[in-house]
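> Using my numbering, the letters of the sequence shown correspond one by one to residues 1 to 343. Backbone N, C-alpha and C define an ideal beta-carbon position, used for all residues, glycine too.
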Amino acid sequence: LPEALKVGDVAANPGETRWGSATSVELRDGTRVSLPVIVMNGREKGPRLAITAATHPTELVGVRAVQIALRARIDPSELSGSIIAFPVANPLGMQFGEYVSPHDLTNMSVAYPGSRDGTPTSRLANFIWENAAKHADLVMDFHENVKPCLHFSLVHHSTPDVENRALEAAKAFGITLIRGSKASFALPGTKAGDLTFSGVCLRNGIPAFTPEFEGSTEISFSENETSVRAAVRGLQNVLKKLGMLKGTVEPQSEVKVLNGDFEFWGMTKADRGGIVHRLVDVGTKLPIGTPIAKIVNVFGDELETIQMPVEGYLWGWTVGNPATNRNWSVQCGGTIAFVFRET
Ligand SMILES: [Zn+2]
1 LPEALKVGDV
11 AANPGETRWG
21 SATSVELRDG
31 TRVSLPVIVM
41 NGREKGPRLA
51 ITAATHPTEL
61 VGVRAVQIAL
71 RARIDPSELS
81 GSIIAFPVAN
91 PLGMQFGEYV
101 SPHDLTNMSV
111 AYPGSRDGTP
121 TSRLANFIWE
131 NAAKHADLVM
141 DFHENVKPCL
151 HFSLVHHSTP
161 DVENRALEAA
171 KAFGITLIRG
181 SKASFALPGT
191 KAGDLTFSGV
201 CLRNGIPAFT
211 PEFEGSTEIS
221 FSENETSVRA
231 AVRGLQNVLK
241 KLGMLKGTVE
251 PQSEVKVLNG
261 DFEFWGMTKA
271 DRGGIVHRLV
281 DVGTKLPIGT
291 PIAKIVNVFG
301 DELETIQMPV
311 EGYLWGWTVG
321 NPATNRNWSV
331 QCGGTIAFVF
341 RET
């Protein structure tokens, strides 16, 4: 029979779901900030799944999906295996509603595997790494882009066996699948060469991928929100694919899904500063040279037209995101949009 599953201070017996504070970090004034965890221990033995949401605490679709899936939809007495979910992986950023942790100016997405004697964010990352990710059969790190954007899963590179297990799980999740670029980029709050959480997992032989959902300023967090529904369905699909739940994988019929072999190309940049006017839709194939946005100055003069650097698609915009780029404007050298292409 399976044994009790303990993650820090939270333990669940077989057939139980338990939640609470797994561990905490201490701030300058002695305040302890808790890392919340939901531990679901299946009645039968099976794979171990680790899930993180709100690694960027401005991205809350995944938090809702974890709550609904683990508290309402999945019955631990019908589960084979176990799920360790951190609904708010970065409670430090969450204190201020920020994308990164203000306490140590760390982007938790690239803080793994972290360190036991590091900064507060590094310690939280290290706890998740040591107590959940390192022993998992699959890791999913939930993120999002701001509407208008495509729902997609990003799968980075690894050895063929580990990579194939990650790809099979991401296919079952069911949203558009995009491979990571083999080139390195500085994403917002990172430097070139930094590995994201799922990248660190894959490098260490743990299948992992990053589902990216559509966030928006008007989200209600209802169970009927399209992005919440897609996230919950994707999670249940993965559990079915891994044999942890009975049932068949359901297609993601409510969001746009592109079929094909895609890889991340990079981000387009502006040379001029001004307000960004969008000219194209996300998820639509665009020939090289297609004007995708124009930069307009404060007087209304057009300064620059941004073109597709390759034949491909946009999955979303790097501007227009209140959390990272504040609004739909850019300064010279700033990025405009995420580009991916067929391989
Ligand atoms: Zn994110």
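Taking the alpha carbon of F299 as the point to measure from, which residue in A72, I275, P160 has its own alpha carbon closest?
Distances from the CA of F299 to each of A72, I275, P160 were compared; the closest alpha carbon is that of I275.
> Mind listing, in chain order, the residues whose beta carbon lies closer than 7 Å to a non-hydrogen atom of ligand 1?
T55, H56, E59, S109, H143, E144
> Under 8 Å between the Cβ atoms of L154 and P91?
no
> Beta-carbon within less than 7 Å of V282's beta-carbon, same chain only, minus the 5 sequence neighbours each way: which residues are those?
P148, C149, L150, L314, W315, G316
> Taking only runs of the beta strand (DSSP E) that begin and end inside the segment 38-65, which ones reach a length of at least 3 residues, in chain order?
44-52
> Can you tell me whether T343 is helix, strand or coil according to DSSP?
T343: coil per DSSP, three-state reduction.
> What number of angstroms, rounded off, separates the C-alpha of V310 from the C-alpha of V330?
Between V310 and V330, the alpha-carbon positions lie close to 21 Å from each other.
> In three-state terms, what does DSSP make of M138?
The displayed chain sequence assigns Leu, not Met, to residue 138. DSSP places L138 in strand when its eight states are reduced to three.
> Have a look at E302, I219, S253 and flag the residue whose alpha-carbon is nearest the alpha-carbon of F173.
S253
> Helix or strand or just coil, what does DSSP make of I128?
helix
> Count Cβ pairs between the segment 243-250 and the segment 177-184 that sit closer than 8 Å; are there 3 or more?
no
> Please state if the CB of M40 and the CB of I68 are separated by a distance shorter than 8 Å.
Taking 8 Å as the cut-off, the Cβ atoms of I68 and M40 do not count as close.
> Given that a residue counts as buried once 16 or more other Cβ atoms are within 10 Å of its Cβ, and exposed if not, what is L242?
buried
> Are the segment 320-337 and the segment 255-272 touching, with three or more C-beta to C-beta distances below 8 Å?
yes
> Counting only runs that start and end within the segment 281-333, where is the beta strand (DSSP E) found for 3 or more residues in a row?
291-296, 302-307, 313-317
> Leaving out five residues on either side along the sequence, give the residues of the same chain with a beta carbon under 6 Å from the beta carbon of Y112.
Excluding five sequence positions before and after Y112, the CB atoms of its chain that fall closer than 6 Å to its own CB belong to A125, W129, F197, V200, given in chain order.
> Could you tell me the distance, in whole angstroms, from the CA atom of K45 to the CA atom of D9?
22 Å
> Measure the alpha-carbon distance for L152 versus S101 and round it to whole angstroms.
Sequence check: residue 152 is Phe here, not Leu. Looking at the two C-alpha atoms, the distance is approximately 25 Å.
> Can you give me the Cβ contacts of G273 inside the same chain, cut-off strictly under 6 Å, excluding the 5 residues immediately before and after it?
Q331, C332
> Alpha carbon to alpha carbon, what distance is there between V63 and A54?
If you take the alpha carbons of A54 and V63, they lie about 6 Å apart.
> Quick test of your reading: G15 and R43, contact by CB under 8 Å. State the CB separation rounded to the nearest angstrom.
4 Å
> In this structure, what does DSSP give as the bridge partners for N145?
E214
> Between P361 and G81, which are expected to be in contact by the criterion C-beta below 8 Å, what is the C-beta distance as a whole number of angstroms?
Since the first and last residues shown for the chain are 1 and 343, residue 361 lies out of range.
> DSSP three-state call for V7: helix, strand or coil?
strand
> With 16 other CB atoms within 10 Å as the buried threshold, where does E3 fall?
exposed
> In or out: E144 buried (at least 16 other Cβ within 10 Å) or exposed?
So E144 ends up on the buried side.
> Starting from G93, trace the beta strand (DSSP E) both ways and give me its first and last residue.
Looking at the DSSP string, G93 is not in any beta strand (DSSP E); the run it does join, the alpha helix (DSSP H), is 91-94.
> Can you look up K191 in the DSSP assignment and give me helix, strand or coil?
coil
> Here's the rule I'm using: 16 or more other beta-carbon atoms within 10 Å means buried, otherwise exposed. How should S109 be labelled?
buried
> Counting C-beta neighbours from all protein chains within 10 Å, is the total for D301 16 or more, i.e. buried, or is it exposed?
When all chains shown are included, D301 counts as exposed.
> Taking the alpha carbon of P251 as the reference point, which residue from E218, T190, K171 has its own alpha carbon closest?
If we check each option's Cα against that of P251, K171 comes out closest.
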